[in-house]
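Residue numbers (the working numbering): 2 to 344. Just so you know, even glycine gets a beta-carbon here, dropped at the ideal spot from N, CA and C. On a predicted model such as this, the values are computed, not experimentally measured, just so you know. Taking it in order: structure first as structure tokens, then the write-up.
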Amino acid sequence: MSPTSQIVIETIASDVLRDNPLGDPFERQVPVYLPPGYADSEARYPTVYLLTGFTGRGAFMLNDSAFDEPIQERLDRLIAADQIQPMIIVLPDGFTRYGGSQYLNSTATGRYEDHLITEVVPHIDRRFRTQAEPGGRAIGGKSSGGYGALVQAMRHPDLFGLVACHSGDMYFEYAYRPEFPKFLDAAARNLIDSYESLRNFLKTFSPKMYPKPASFFDVIHISAMAACYSPNPASPCGFDLPFTFHTGELRPDVWQRWLAWDPITLINDNHYAEALRHLKLLYLDCGNRDEYALHYGARILSRRLTELNIHHHHQEFDGGHRSTNFRYDVSLQAISQALAQRA
2 MSPTSQIVIE TIASDVLRDN PLGDPFERQV PVYLPPGYAD SEARYPTVYL
52 LTGFTGRGAF MLNDSAFDEP IQERLDRLIA ADQIQPMIIV LPDGFTRYGG
102 SQYLNSTATG RYEDHLITEV VPHIDRRFRT QAEPGGRAIG GKSSGGYGAL
152 VQAMRHPDLF GLVACHSGDM YFEYAYRPEF PKFLDAAARN LIDSYESLRN
202 FLKTFSPKMY PKPASFFDVI HISAMAACYS PNPASPCGFD LPFTFHTGEL
252 RPDVWQRWLA WDPITLINDN HYAEALRHLK LLYLDCGNRD EYALHYGARI
302 LSRRLTELNI HHHHQEFDGG HRSTNFRYDV SLQAISQALA QRA
């Protein structure tokens with residue numbers, strides 16, 4: 002058996018992202034982790050799709066760090082210690098020039114759900130010896146990636162049979178509404194007081210520009226979320242904000258469009274609830290001091306799942322929203338155990 006794992010970088014030329022509204026690259030680099038022994042075996046392996054959070058792309062998880070393990074080192078350690086079974090890990094790229102796509106289709110950013118579901122998954126199943134069925138395919142992630150994992154598991158139970166959501170975006174009332182005044186203050190600093198001036202800001206902004214505009218993240222963050230949750234081709238920016246400029250008054254009609262994508266809302270749809278009910282594993286966790294108050298959303302979702310008699314694992318750990326990659330040790334072991342039970 003080959004003693005070492007391997008990282009293969011797959012280039013996927015996306016038809017659905019070609020000519021996307023933001024002009025982002027339609028060719029995407031997708032790192033794939035192949036476990037020790039893969040090259041010397043004819044076996045088929047379970048696959049886990051790990052989605053990165055806002056401002057991240059899959060390749061970021063490969064980065065070496067003095068204070069953390071890159072994903073290859075983490076997986077090698079867990080497999081060597083027999084804490085998880087050998088598995089294939091796929092690291093998709095859902096990045097946009099606004100910072101992220103929430104792994105959803107949007108007329109303002111592009112068809113990132115379709116890219117994942119109709120292009121990445123089939124490509125991986127063609128190229129590698131996967132267990133190409135829901136019971137052998139998991140999806141997980143952290144923050145926006147945790148949100149994407151949970152929502153895609155709800156929407157595509159024919160593909161994903163296990164899900165792990167770390168600090169996923171949910172209960173938007175707490176997760177996003179407190180960020181709206183930050184957007185408005187940052188917009189004022191950058192002389193943004195209309196959709197037209199916001200459009201000009203977003204057109205001239207580049208993720209790698211330096212120095213960056215004042216408080217740029219507060220503008221980009223909410224702009225990105227609006228592009229995902231409330232796209233509007235008729236708007237100068239391609240999306241609607243859920244509040245007004247200057248006064249910051251909430252626009253209830255637009256805010257409801259955001260809430261329609263909140264997992265706390267989605268779970269009320271019987272179709273999505275049934276998708277979660279039939280998962281081999283539904284794992285949720287969050288730090289008890291999450292800076293975006295996502296631990297409250299996780300508590301609410303866990304309570305709703307319990308009321309619906311949907312089996313799940315919900316954990317809170319001591320910590321916040323950042324520096325939580327160590328939690329993959331827990332979720333990957335839970336995924337491995339659930340996979341073993343299906344055999």
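Range covered by the beta strand (DSSP E) that runs through residue i
i, result
"E317", "314-318"
"Y175", "Taken as a continuous stretch (DSSP letters only), Y175 belongs to no beta strand (DSSP E), being part of the alpha helix (DSSP H) at 173-176."
"R278", "Unbroken run through R278 is the alpha helix (DSSP H), 271-278; no beta strand (DSSP E)."
Three-state secondary structure (DSSP) of residue i
i, result
"Y46", "strand"
"R138", "strand"
"H322", "coil"
"Y284", "strand"
"G111", "strand"
"T12", "strand"
"F246", "coil"
"S6", "coil"
"T56", "coil"
"I90", "strand"
"R98", "coil"
"F161", "coil"
"S236", "coil"
"N191", "coil"
"E28", "strand"
"A344", "Note that A344 has pLDDT 49, beneath the 50 cutoff, so the model's placement of it is unreliable and the number below is only indicative. If DSSP states are grouped into helix, strand and coil, A344 belongs with coil."
"V33", "strand"
"D20", "coil"
"D263", "coil"
"D330", "helix"
"D186", "helix"
"P179", "helix"
"Q84", "coil"
"I118", "helix"
"M155", "helix"
Euclidean distance between Cα positions of residue i and residue j
i, j, result
"Y46", "L151", "22 Å"
"M88", "S102", "27 Å"
"Q153", "E114", "8 Å"
"L333", "A235", "43 Å"
"Q316", "P214", "38 Å"
"Y177", "Y293", "8 Å"
"L192", "S198", "8 Å"
"N271", "E120", "28 Å"
"T245", "R252", "7 Å"
"I268", "R98", "30 Å"
"D330", "F129", "24 Å"
"T108", "I265", "24 Å"
"A274", "C287", "21 Å"
"I125", "I10", "11 Å"
"L302", "D170", "11 Å"
"L280", "P158", "8 Å"
"G345", "Y211", "What is shown of the chain runs 2 to 344, which leaves residue 345 out entirely."
"R304", "F318", "17 Å"
"S207", "V220", "13 Å"
"R156", "Y196", "32 Å"
"L160", "A276", "11 Å"
"F217", "T12", "31 Å"
"S337", "L295", "26 Å"
"D241", "Q342", "46 Å"
"G59", "F27", "15 Å"
"A227", "N106", "13 Å"
"K183", "Y175", "14 Å"
"L79", "F327", "12 Å"
"S145", "D194", "28 Å"
"A344", "Y39", "Since pLDDT at A344 reaches only 49, below the 50 mark, its modelled position is unreliable, and the value read off the structure follows with that caveat. Taking the straight line joining both Cα atoms gives about 19 Å."
"H314", "G142", "15 Å"
Beta carbon proximity, residue i to chain B, threshold 8 Å
i, result
"D291", "No chain B is part of this structure, which consists of one protein chain only."
Start and end residues, alpha helix (DSSP H) containing residue i
i, result
"C229", "217-230"
"R258", "253-260"
"V122", "122-128"
"L203", "196-205"
"T307", "295-308"
"D77", "72-81"
Opposing strand residues paired with residue i [DSSP bridges]
i, result
"Y148", "For Y148, which the question treats as bridged, DSSP gives no partner whatsoever."
"L51", "G141"
"H167", "K143, D286"
"N106", "R112"
"Y337", "Sequence check: residue 337 is Ser here, not Tyr. Partner(s): none; S337 has no beta bridge."
"T131", "Y46"
"D69", "S66"
May I ask you to verify whether the region 179-188 touches the region 68-86, counting CB pairs closer than 8 Å and requiring at least 3?
Remark: fewer than three beta-carbon pairs, one from each stretch, lie closer than 8 Å, so the region 179-188 and the region 68-86 are not flagged as touching.
Cβ pair count under 8 Å reaching 3, the region 89-100 against the region 50-62
Taking 8 Å as the limit for Cβ pairs, the verdict is that the region 50-62 does touch the region 89-100.
Meets three-Cβ-pair contact criterion under 8 Å: the region 256-266 and the region 124-138
Below 8 Å, too few C-beta pairs join the region 256-266 and the region 124-138 to call them touching: fewer than three.
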